[in-house]
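Here the structure is laid out as structure tokens; the discussion comes afterwards.
Number of protein chains: 2
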Amino acid sequence: MHAFDVLGDPVRRRILELLADGEQAAGSVAAVIQREFGISQPAVSQHLRSLREHGFAQVRPDGARRLYAVRTDPLQDVDAWLERFRGFWTPHLDALGTELARGRRARRLRASDRRPDNRSST
Amino acid sequence: MHAFDVLGDPVRRRILELLADGEQAAGSVAAVIQREFGISQPAVSQHLRSLREHGFAQVRPDGARRLYAVRTDPLQDVDAWLERFRGFWTPHLDALGTELARGRRARRLRASDRRPDNRSST
DNA sequence: TGCTTATATAAGTCTGTGCTGATACTTTCC
DNA sequence: GGAAAGTATCAGCACAGACTTATATAAGCA
Numbered sequence: 040m041h042a043f044d045v046l047g048d049p050v051r052r053r054i055l056e057l058l059a060d061g062e063q064a065a066g067s068v069a070a071v072i073q074r075e076f077g078i079s080q081p082a083v084s085q086h087l088r089s090l091r092e093h094g095f096a097q098v099r100p101d102g103a104r105r106l107y108a109v110r111t112d113p114l115q116d117v118d119a120w121l122e123r124f125r126g127f128w129t130p131h132l133d134a135l136g137t138e139l140a141r142g143r144r145a146r147r148l149r150a151s152d153r154r155p156d157n158r159s160s161t
Numbered sequence: 040m041h042a043f044d045v046l047g048d049p050v051r052r053r054i055l056e057l058l059a060d061g062e063q064a065a066g067s068v069a070a071v072i073q074r075e076f077g078i079s080q081p082a083v084s085q086h087l088r089s090l091r092e093h094g095f096a097q098v099r100p101d102g103a104r105r106l107y108a109v110r111t112d113p114l115q116d117v118d119a120w121l122e123r124f125r126g127f128w129t130p131h132l133d134a135l136g137t138e139l140a141r142g143r144r145a146r147r148l149r150a151s152d153r154r155p156d157n158r159s160s161t
């Protein structure tokens, strides 16, 4: 399963949003998800496993609980994939800071692609 | 189907990569995809439709052909969703520009206290 | 030790989606 | 007009993956 496939599921995206606020016990996550999506505890557990197995989350035992935290490696992959398209919607430098930040990254990643000159309008 | 679901398919991602190089006729796209993935022309056409219907691509007739071009609106949505996680892998200020660009949102997101009223709009 | 809480796994069902083969436009060219 | 090229649509099948219920494992506590 590709990173994008993992993110394709709304439940998993929501779990990541929850984890983005900080480490959470599996039970706390499950409580929120069950309330919001109406699915069972095992269902949530299975999503957590999926996130774990694909590198989106890491676990740490705390007594009988499991504390989950977000891992961003696959998210960075996704971000990198998007990079090639970013030039389409931010060709203009509307602020010094933004452009400085974008410049390095864009140059680094866009060095490898072979586009003639064609550009689509938004 | 959510934008992330559309990107979950490797064939569709590849098509978008091809379109990122500029407008392409459906047939040219199909030729590449059929060679790389070993699927039929209708299959490619169906993926193109999916991309169209979800706003990832636009078409323009050129005689009997259909020229496809990338549309980035949904990609920007994906990019925006990733935004909240970016602080995790670029917390350090290694350059003025980076910090200028990131300062505001990093502060906003990494405030580290999880607000109980947390709500996401995907 | 035995009950409870916290979480994971197992087995089975069901739906969504991607594929194929057949076919239906539509445009171009003779 | 008719054939060919380019592309889209349709119907049906197959399979992945998300869900459920039942159960297993592990820790906390009386």
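Residue numbers (this note's numbering), protein chains in the order written: chain U, 40 to 161; chain F, 40 to 161.
A virtual CB, placed ideally from N, CA and C, is assigned to each residue, including glycine.
Host beta strand (DSSP E) of residue i (start-end)
{"i": "Arg105 (chain U)", "result": "Arg104 to Val109"}
{"i": "Pro81 (chain F)", "result": "Where Pro81 (chain F) is concerned, there is no enclosing beta strand (DSSP E), although the alpha helix (DSSP H) it sits in stretches over Gln80 to Glu92."}
Cutoff 8 Å: residue i Cβ touching any chain F Cβ
{"i": "Leu121 (chain U)", "result": "yes"}
{"i": "Gly66 (chain U)", "result": "no"}
{"i": "Phe76 (chain U)", "result": "no"}
{"i": "Val117 (chain U)", "result": "yes"}
{"i": "Ala108 (chain U)", "result": "no"}
{"i": "Gly47 (chain U)", "result": "yes"}
{"i": "Leu114 (chain U)", "result": "yes"}
{"i": "Phe95 (chain U)", "result": "no"}
{"i": "Arg52 (chain U)", "result": "yes"}
Proximal residues to residue i (C-beta, below 8 Å), its chain only, five neighbours per side dropped
{"i": "Arg52 (chain U)", "result": "Leu46"}
{"i": "Gln115 (chain U)", "result": "none"}
{"i": "Pro113 (chain U)", "result": "Ala42, Val45, His93, Gly94 and Phe95"}
{"i": "Gly77 (chain U)", "result": "none"}
{"i": "Val117 (chain F)", "result": "Ala42, Phe43 and Leu46"}
Limits of the alpha helix (DSSP H) - the one that residue i falls within
{"i": "Pro100 (chain U)", "result": "First-last for Pro100 (chain U): Ala96 to Asp101, but that is the beta strand (DSSP E), not the alpha helix (DSSP H)."}
{"i": "Pro113 (chain U)", "result": "Asp112 to Trp128"}
8 Å Cβ cutoff, residue i in contact with chain U
{"i": "Phe43 (chain F)", "result": "yes"}
{"i": "Leu90 (chain F)", "result": "no"}
{"i": "Ala59 (chain F)", "result": "yes"}
Contacts around residue i, its chain only, beta-carbon distance under 6 Å, and the 5 residues preceding and following it disregarded
{"i": "Gln80 (chain U)", "result": "Ala69"}
{"i": "Arg99 (chain F)", "result": "Leu106"}
{"i": "His41 (chain F)", "result": "none"}
7 Å CB neighbourhood of residue i in its chain, flanking five on each side removed
{"i": "Leu57 (chain U)", "result": "Gln63, Val68 and Val71"}
{"i": "Thr111 (chain F)", "result": "none"}
{"i": "Ala59 (chain F)", "result": "Val109"}
{"i": "Ala103 (chain F)", "result": "none"}
Secondary structure, alpha helix (DSSP H): runs of 4+ residues fully inside the stretch 45 to 73 of chain U: Segments of the alpha helix (DSSP H) lying fully in the stretch 45 to 73 of chain U: 49 to 59.
Within the chosen definition, does the stretch 82 to 95 of chain U reach the stretch 44 to 53 of chain U through at least 3 CB pairs nearer than 8 Å? The stretch 82 to 95 of chain U, when compared against the stretch 44 to 53 of chain U, does touch it at the 8 Å Cβ threshold.
Report yes or no: do the stretch 49 to 69 of chain F and the stretch 78 to 92 of chain F share at least 3 C-beta pairs separated by less than 8 Å? Taking a cut-off of 8 Å on C-beta distances, the stretch 49 to 69 of chain F touches the stretch 78 to 92 of chain F, as three or more cross pairs fall below it.
Under 8 Å, with one C-beta from each stretch per pair, do the stretch 70 to 80 of chain U and the stretch 120 to 130 of chain U reach the 3-pair mark? Short answer: they don't touch.
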